[in-house]
Amino acid sequence: QQKVQQSPESLSVPEGGMASLNCTSSDRNFQYFWWYRQHSGEGPKALMSIFSDGDKKEGRFTAHLNKASLHVSLHIRDSQPSDSALYFCAVYNMGYKLTFGTGTSLLVDP
Amino acid sequence: NAGVIQTPRHKVTGKGQEATLWCEPISGHSAVFWYRQTIVQGLEFLTYFRNQAPIDDSGMPKERFSAQMPNQSHSTLKIQSTQPQDSAVYLCASSWTGENTLYFGAGTRLSVL
Numbered sequence: 889q890q891k892v893q894q895s896p897e898s899l900s901v902p903e904g905g906m907a908s909l910n911c912t913s914s915d916r917n918f919q920y921f922w923w924y925r926q927h928s929g930e931g932p933k934a935l936m937s938i939f940s941d942g943d944k945k946e947g948r949f950t951a952h953l954n955k956a957s958l959h960v961s962l963h964i965r966d967s968q969p970s971d972s973a974l975y976f977c978a979v980y981n982m983g984y985k986l987t988f989g990t991g992t993s994l995l996v997d998p
Numbered sequence: 011n012a013g014v015i016q017t018p019r020h021k022v023t024g025k026g027q028e029a030t031l032w033c034e035p036i037s038g039h040s041a042v043f044w045y046r047q048t049i050v051q052g053l054e055f056l057t058y059f060r061n062q063a064p065i066d067d068s069g070m071p072k073e074r075f076s077a078q079m080p081n082q083s084h085s086t087l088k089i090q091s092t093q094p095q096d097s098a099v100y101l102c103a104s105s106w107t108g109e110n111t112l113y114f115g116a117g118t119r120l121s122v123l
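Chains A and B are the protein sequences, given in the same order.
Residue 922 in our numbering sits at position 34 of the first sequence, and the numbers go up by one each step.
Residue 20 in our numbering sits at position 10 of the second sequence, and the numbers go up by one each step.
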């Protein structure tokens, strides 16, 4: 069964700092990696996806994928208190299924 | 666009009672998913419908859980004889077929006493 591992479990950064989150999949048959963010009391919301080796930037968020090691990272620059949330990495395959990782809880201290 | 609507937001049942959770997907979305979220297990896939047809229920506990999608505007997840271990947040999501962005509802928090 495919596993998606995330690290660290929790992370605290000062406002304006850089947050770095990591994710590794055990399944080479992925189509996309996704990052989702979940604020307390809400459902997860899609942040960005990546399927090519290298970096993908969207505003303050940069995802980096290394297909050979099945590792993806998410970097949030100029972190804001509103970025405090649970961040999930997810692997998309089989044409429809998203398998989620264990999650990283990010706290941005104002 | 109101997004995916889930009702109720909170449900409390006694052990052995039945719970029915409702989901209204985004209009025009043809794919509907149910996930369960707990602290220990995280986000677990339960079941998937495409154009109202059940496609994959591999994540559903076989005996007490069932899901239906009688029309394109709503899906239900029914749990019979609820047990304390069923306590979780149940999340519904929808998307266009072939598009891999899932849009989640706010979830139903089920508490089984």
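Just so you know, even glycine gets a beta-carbon here, dropped at the ideal spot from N, CA and C.
| Asked | Found |
| --- | --- |
| Cross-strand partners of B:G52 (DSSP beta bridge) | B:T48 |
| Assigned exposure category for A:W923 - 16 Cβ within 10 Å defines buried | buried |
| Start-end ranges of the beta strand (DSSP E) lying completely within the segment 73 to 116 of chain B, minimum 3 residues | 75 to 81, 84 to 89 and 98 to 105 |
| Beta-ladder partner(s) of B:A12, from DSSP | DSSP output for B:A12 lists no bridge partner at all. |
| Buried or exposed (CB count within 10 angstroms, at least 16 for buried), B:S83 | exposed |
| Closer than 7 Å at the beta carbon, the chain B residues around A:F988 | G52 and L53 |
| Residue nearest to A:Q894 in terms of C-alpha spacing, selected from A:V996, A:L995, A:G991 and A:L962 | A:G991 |
| Closer than 9 Å at the beta carbon, the chain B residues around A:Y920 | N110 |
| Whole-Å CB distance - B:A116 paired with B:Q16, under 8 Å assumed | 6 Å |
| Length of the line joining the Cα atoms of B:W32 and B:W44 | 11 Å |
| Integer-rounded CB distance, given that B:N110 should sit under 8 Å from A:Y975 | No, A:Y975 and B:N110 are not in contact; Cβ-Cβ is about 18 Å, not under 8 Å. |
| Spatial distance of A:K944 from A:A951 (CA atoms) | 5 Å |
| Proximity winner among A:A978, A:P998 and A:L995, relative to A:Q919 (alpha-carbon distances) | A:A978 |
| Closest by C-alpha distance to B:D96, when choosing among B:V14, B:A12 and B:G24 | B:G24 |
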